[in-house]
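Asker: Numbering (this note's numbering), first residue to last: 136 to 476.
Quick reminder that beta carbons are idealized off the backbone N, C-alpha and C, glycines included.
First, the structure itself, so that you have it in front of you.
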Amino acid sequence: MKFLVTGGAGFIGANYMHYVVNKYPEDQFVNLDLLTYAGNLESLKDLEGKPNYSFVRGDIADRPFIMDLFEKEKFDVVINFAAESHVDRSVKDPGLFVRSNVLGTTTLMDAAKAVGVKRYHQVSTDEVYGDLPLDRPDLFFTETTPLHTSSPYSSSKAGADLFVMAYHRTFGLPVTISRCSNNYGPYQFPEKLIPLMISRALADEALPVYGTGENVRDWLHVHDHCVAIDLIVRNGRVGEVYNIGGHNERTNLEVVKTILRALDKPESLIHFVTDRPGHDMRYAIDPEKIETELGWVPEYNFDTGIAQTIQWYLDNREWWERIVSGEYQNYFEKMYGERLA
Ligand code: NAD
Ligand code: TYD
Numbered sequence: 136m137k138f139l140v141t142g143g144a145g146f147i148g149a150n151y152m153h154y155v156v157n158k159y160p161e162d163q164f165v166n167l168d169l170l171t172y173a174g175n176l177e178s179l180k181d182l183e184g185k186p187n188y189s190f191v192r193g194d195i196a197d198r199p200f201i202m203d204l205f206e207k208e209k210f211d212v213v214i215n216f217a218a219e220s221h222v223d224r225s226v227k228d229p230g231l232f233v234r235s236n237v238l239g240t241t242t243l244m245d246a247a248k249a250v251g252v253k254r255y256h257q258v259s260t261d262e263v264y265g266d267l268p269l270d271r272p273d274l275f276f277t278e279t280t281p282l283h284t285s286s287p288y289s290s291s292k293a294g295a296d297l298f299v300m301a302y303h304r305t306f307g308l309p310v311t312i313s314r315c316s317n318n319y320g321p322y323q324f325p326e327k328l329i330p331l332m333i334s335r336a337l338a339d340e341a342l343p344v345y346g347t348g349e350n351v352r353d354w355l356h357v358h359d360h361c362v363a364i365d366l367i368v369r370n371g372r373v374g375e376v377y378n379i380g381g382h383n384e385r386t387n388l389e390v391v392k393t394i395l396r397a398l399d400k401p402e403s404l405i406h407f408v409t410d411r412p413g414h415d416m417r418y419a420i421d422p423e424k425i426e427t428e429l430g431w432v433p434e435y436n437f438d439t440g441i442a443q444t445i446q447w448y449l450d451n452r453e454w455w456e457r458i459v460s461g462e463y464q465n466y467f468e469k470m471y472g473e474r475l476a
């Protein structure tokens, strides 16, 4: 089978690529990525030269390009990771999120429909459900929780999800959607909470905690997210949504203090800063559907996952230092510049 994986140079996409390219040597995986600031081919060095892996640079919202690519490649399966993914950036530039996350999704689905793919999978987020109150720990997001978004990011992801369900009902496109909680692990861009705090703590820099730090996120190791997506794509029922999460709720302050303890750094590095506008209070996933239907069981809990992740950032300092310095953006030119000339 031939898979198109979009956004494969981003955090979760790169982890997914490592997982599937090695696990399924009989399948072909094409990584389509625009290489925005968040795309980093250095995360995929290990896969270069593998016979079942290739990279194409392009924009999922570029209609003529996408139509041509699908006509030429005749993909069997499309997995759409590509998106603008950072809430703080969406507050600054909502329009960019509409373009990549909504228009990009409908463009991909038009092409998927035209060539008759066997499956279109949309990688979505629990943020489409909005947030839960801190004083109701009994409440969790299920697949039937109404969409109720807070940020331009989550609104663009919810908009895309609604189009995915519409393409299923109206055009019969064989779709699935996954909605996962906050991910962490190797190759995460150091603008997101966990890698930002690790990299800044190692440099003895101030750690900016928004508001009071009481907001709760439900953390899942990226490996467990990748396994779940693979199960849904291969065994999930068409037209269904699957929530993914491992019951690992922590306040932001707990996360930051855990990192400081592991790195033997003082809590005096914590600096409370002005809160994010519209900041969601609590996310929490009920994963019963994917557990019972597809037998998904996470490998990591937060304690084992955060220890593995901190160790990865210690062992791979060069990877994130090249991001902090901006050097990683020259990699594409060095690797592909001559070949594309
Ligand atoms: P990321 O920002 O690290 O990576 C996104 C990738 O998409 C980058 O490589 C970027 O270059 C690419 N991209 C952006 N716009 C593009 C476009 N128009 N055309 C082609 N490529 C484009 O994001 P991530 O954290 O890896 O998230 C991947 C997906 O998972 C997103 O759809 C996100 O909404 C979803 N998700 C993320 C989390 C999380 O905690 N990070 C949780 C649940 C769901
Ligand atoms: P983030 O990693 O941006 O993910 P999301 O907003 O999609 O959940 O943020 C996780 C939590 O950490 C969120 O409650 C905002 C908070 N946060 C900080 O307190 N300081 C920071 O510098 C960042 C980036 C996030």
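Please indicate yes or no: does the CB of Phe275 lie closer than 7 Å to some heavy atom of ligand 1?
Answerer: It does not: the Cβ of Phe275 is nowhere closer than 7 Å to a heavy atom of ligand 1.
Asker: Around the Cβ of Arg370, are there at least 16 other Cβ atoms within 10 angstroms (buried) or fewer (exposed)?
Answerer: In the sequence under discussion, the amino acid at residue 370 is Asn, which differs from the Arg named in the question. Exposed.
Asker: Is it buried or exposed, Ala442, if we count other Cβ atoms within 10 angstroms and call 16 or more buried?
Answerer: Exposed, because fewer than 16 other Cβ atoms sit within 10 Å of the Cβ of Ala442.
Asker: Cβ of Arg314 within 8 Å of Cβ of Ser403?
Answerer: No, Cβ-Cβ distance for Arg314 and Ser403 is not below 8 Å.
Asker: Express the C-alpha separation of Arg192 and Asp181 in angstroms, rounding to a whole number.
Answerer: Asp181 and Arg192: Cα-Cα distance of roughly 18 Å.
Asker: With respect to the beta strand (DSSP E) encompassing Val408, which residues constitute its N-terminal and C-terminal limits?
Answerer: Its beta strand (DSSP E) spans residues Ile405 to Val408.
Asker: Among residues of its own chain, excluding the 5 on either side of Phe407, which ones have a beta-carbon nearer than 6 Å to its beta-carbon?
Answerer: The residues are Val344.
Asker: Closer than 7 Å by C-beta to Gln446: which residues in its own chain qualify, once you throw out the five before and the five after it? Chain order, please.
Answerer: Same-chain partners within the cutoff: there are none.
Asker: Would you call Arg452 buried or exposed, if buried means 16 or more other Cβ atoms sit within 10 Å of its Cβ?
Answerer: Exposed is the call here.
Asker: Going by C-alpha distance, which of Leu337, Ser460, Leu267 and Met202 is nearest Leu398?
Answerer: The residue with the shortest Cα to Cα distance from Leu398 is Leu337.
Asker: Do Val258 and ligand 1 come close, with the Cβ less than 7 Å from some heavy atom?
Answerer: Yes, the beta carbon of Val258 sits closer than 7 Å to at least one heavy atom of ligand 1.
Asker: Between Val156 and the rest of its own chain, which residues show a CB-CB distance below 7 Å, the 5 nearest in sequence each way excluded?
Answerer: Answer for Val156: Phe164, Leu182, Lys185, Asn187 and Tyr188, listed in chain order.
Asker: For Gly380, count neighbouring Cβ atoms within 10 angstroms of its own Cβ and tell me buried if that reaches 16, exposed if not.
Answerer: With 16 or more Cβ atoms within 10 Å of its Cβ, Gly380 is classed as buried.
Asker: With distance defined between alpha-carbon atoms, name the residue in Ile312, Lys207 and Leu238 nearest to Val250.
Answerer: Comparing Cα-Cα distances from Val250 to each of Ile312, Lys207 and Leu238, the minimum goes to Lys207.
Asker: Which same chain residues, not among the five before or five after Lys424, have their C-beta less than 7 Å away from its C-beta?
Answerer: Counting only Cβ-Cβ distances below 7 Å, and skipping sequence neighbours, we find Glu278, Tyr377 and Asn378.
Asker: Does the distance from the CB of Ala295 to the CB of Val237 come in under 8 Å?
Answerer: Contact: yes.
Asker: Three-state secondary structure (DSSP) at Asn175?
Answerer: Asn175 falls in the coil class under three-state DSSP.
Asker: Beta strand (DSSP E) containing Thr439: first to last residue?
Answerer: Premise fails: Thr439 lies in the alpha helix (DSSP H), Phe437 to Asp450, not in any beta strand (DSSP E).
Asker: Distance check for Gly320 and Arg335, CA to CA, integer angstroms please.
Answerer: Taking the straight line joining both Cα atoms gives about 16 Å.
Asker: Measuring straight from C-alpha to C-alpha, what distance separates Gly413 and Asp162?
Answerer: Approximately 43 Å, taken between the alpha carbons.
Asker: Apart from the five residues on each side of it in sequence, which residues of its chain come closer than 7 Å, Cβ to Cβ, to Tyr322?
Answerer: Around Tyr322: Phe146, Ala149, Asn150 and Ser178.
Asker: Within the continuous alpha helix (DSSP H) that includes Thr305, where are the two ends?
Answerer: Taken as a continuous stretch (DSSP letters only), the alpha helix (DSSP H) holding Thr305 covers Pro287 to Phe306.
Asker: Quick one: what does DSSP say Ile425 is sitting in, helix, strand or coil?
Answerer: It is helical.
Asker: If you measure from the CB of Pro343, is any heavy atom of ligand 2 nearer than 7 Å?
Answerer: Yes, since a heavy atom of ligand 2 falls inside the 7 Å radius drawn around the Cβ of Pro343.
Asker: With a cut-off of 8 Å on the beta carbons, I'd call Ser220 and Ala173 a contact; round off their distance for me.
Answerer: Between Ala173 and Ser220 the Cβ distance is about 7 Å, and since that is below 8 Å, they are a contact.
Asker: Determine, using beta carbons only, whether Thr171 comes closer than 8 Å to chain B.
Answerer: No chain B is part of this structure, which consists of one protein chain only.
Asker: My understanding is that Tyr418 touches Asp365, with C-beta atoms under 8 Å, so please give their C-beta distance in whole angstroms.
Answerer: Incorrect: roughly 23 Å between the Cβ atoms, too far for contact.
Asker: Does the beta-carbon distance from Phe324 to Tyr288 come in below 8 Å?
Answerer: No, the pair does not count as a contact, with Cβ atoms beyond the cut-off.
Asker: Pop quiz: Tyr463 and Arg457 are said to be a contact at Cβ under 8 Å. What is the actual Cβ separation, rounded to whole angstroms?
Answerer: About 4 Å separates the two Cβ atoms, so the contact holds.
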